[in-house]
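This report refers to the structure that appears directly beneath it.
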Amino acid sequence: LAKTTQPISMDSYEGQEVNITCSHNNIATNDYITWYQQFPSQGPRFIIQGYKTKVTNEVASLFIPADRKSSTLSLPRVSLSDTAVYYCLVVLPGGYNKLIFGAGTRLAVHP
Amino acid sequence: EAGVTQFPSHSVIEKGQTVTLRCDPISGHDNLYWYRRVMGKEIKFLLHFVKESKQDESGMPNNRFLAERTGGTYSTLKVQPAELEDSGVYFCASSLGGQLYSPLHFGNGTRLTVT
Chain D
1 LAKTTQPISM DSYEGQEVNI TCSHNNIATN DYITWYQQFP SQGPRFIIQG
51 YKTKVTNEVA SLFIPADRKS STLSLPRVSL SDTAVYYCLV VLPGGYNKLI
101 FGAGTRLAVH P
Chain B
112 EAGVTQFPSH SVIEKGQTVT LRCDPISGHD NLYWYRRVMG KEIKFLLHFV
162 KESKQDESGM PNNRFLAERT GGTYSTLKVQ PAELEDSGVY FCASSLGGQL
212 YSPLHFGNGT RLTVT
C-alpha cells in the first residue's frame, strides 16, 4: 500500500475552514483514500473515504485530483471539538482492511 | 448499535506477569483486528481475524502474544510474560465482511502499563 505524507500539525480558530492535504504519490489504481479522526483516549473513527473527484458527507469533504497523488480533507467551520489527530490512509477495497497508520496531523482549534 | 468494546480500559501489571485483553466487536462483524500504539510511536497492526480464523498475524511482535477468537465472536489477546516494552495502548477494531470497502470501527483501547 502507498505511503502517505501529511503535515504533523496544524492550528486553526473556531469557525474557520480547515484543509489538510495528504500526498500519496505511489497510490495504485485500485486503492481508495480514507481518513480517520482520533480524539484523546479514544480509538480512531472513520470520517470519509473516496476514490476520485469529490466526496461529501455530514462531517467533511474529500477532494481528490485527477492524478490521485494527493487528497485534501476539508472540515467546514471547525469548532473546539474538532481538535484531534487526523489520519490519511490508502486502502485496498475488499474484505481485508489492514490499515497502515502514519503519524497523522494534529489539529488544534483555538477559541 | 453497540460499538466495539474493550476490557479492561486500563491495566497495570509487573514485568513477568500475564495479562489478557478482551474485545467485543460489533455484532455481525466478521473481521476483527488488533492494533497497538507503544509510547511515541504510530499505531501498528498486530493481526486480523476473519470469523474465528487468523487471516494475517504478521504484526504480532513475538510468541509472548497469543490472540484467540473462539466461535468468531469476541477476541482475547494474551501477553505472557509481559515485558516493559509491551506498555502501550491496544486497540481492537471490527468491520463487516464481503463489502467493497468496510470502514473499521475501533474500540477505545486498553492502556497497558508494565512496571
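Protein sequence lines correspond, in order, to chains D and B.
First residue of the first sequence? That's 1 in our numbering, and the numbers climb one at a time after it.
First residue of the second sequence? That's 112 in our numbering, and the numbers climb one at a time after it.
By construction, the Cβ of each residue, glycine as well, lies at the ideal position given by its N, Cα and C atoms.
All figures in this text were calculated on a predicted structure; none of them were measured in a lab.
Inset, instruction - Confirm, please, whether the CB-CB distance from B/Phe176 to B/Val190 is below 9 Å. - result: Against a cut-off of 9 Å, the Cβ pair of B/Phe176 and B/Val190 comes out as a contact.
Legend entry - For D/Tyr32 and B/His140, the rounded distance between their alpha carbons: Between the alpha carbons of B/His140 and D/Tyr32 lies a distance of about 21 Å.
Inset, instruction - Please name the residues in the region 40-66 of chain D whose beta-carbon is closer than 8 Å to at least one beta-carbon of chain B, in chain order. - result: If you check each beta-carbon in the region 40-66 of chain D against every beta-carbon of chain B, the ones closer than 8 Å belong to Ser41, Gln42, Gly43, Pro44, Arg45, Phe46, Gln49.
Legend entry - the region 97-110 of chain D touching the region 45-63 of chain D, judged by at least three CB pairs closer than 8 Å: Of all C-beta pairs linking the region 97-110 of chain D to the region 45-63 of chain D, fewer than three are shorter than 8 Å, placing the two stretches out of contact.
Inset, instruction - Anything in chain B within Cβ reach of D/Leu99, meaning under 9 Å, just list it in chain order. - result: Close partners of D/Leu99 in chain B (Cβ separation under 9 Å): Tyr144, Tyr146, Ile154, Phe156, Ala204, Leu215.
Legend entry - Host beta strand (DSSP E) of B/Ala204 (start-end): Where B/Ala204 is concerned, the enclosing beta strand (DSSP E) starts and stops at 199-206.
Legend entry - Reference D/Ser79; option with closest CA among D/Ile64, D/Lys98, D/Gly15, D/Glu58: Answer by Cα proximity: D/Gly15.
Inset, instruction - Could you name each continuous beta strand (DSSP E) segment of 3 residues or more that falls completely within the region 13-80 of chain D, going from the start of the chain to the end? - result: Counting only runs of 3 or more residues that sit fully inside the region 13-80 of chain D, the beta strand (DSSP E) segments are 18-23, 32-38, 45-50, 53-56, 61-64, 70-75, in chain order.
Legend entry - chain B contacts made by the region 21-39 of chain D, where a contact means CB separation under 9 Å: Legend: CB atoms of the region 21-39 of chain D lying less than 9 Å from CB atoms of chain B belong to residues Tyr32, Thr34, Tyr36, Gln38.
Legend entry - D/Ala84 CB to nearest heavy atom of the ligand FAD below 8 Å: With respect to the ligand FAD, the structure shown offers nothing to examine, as it has no ligands at all.
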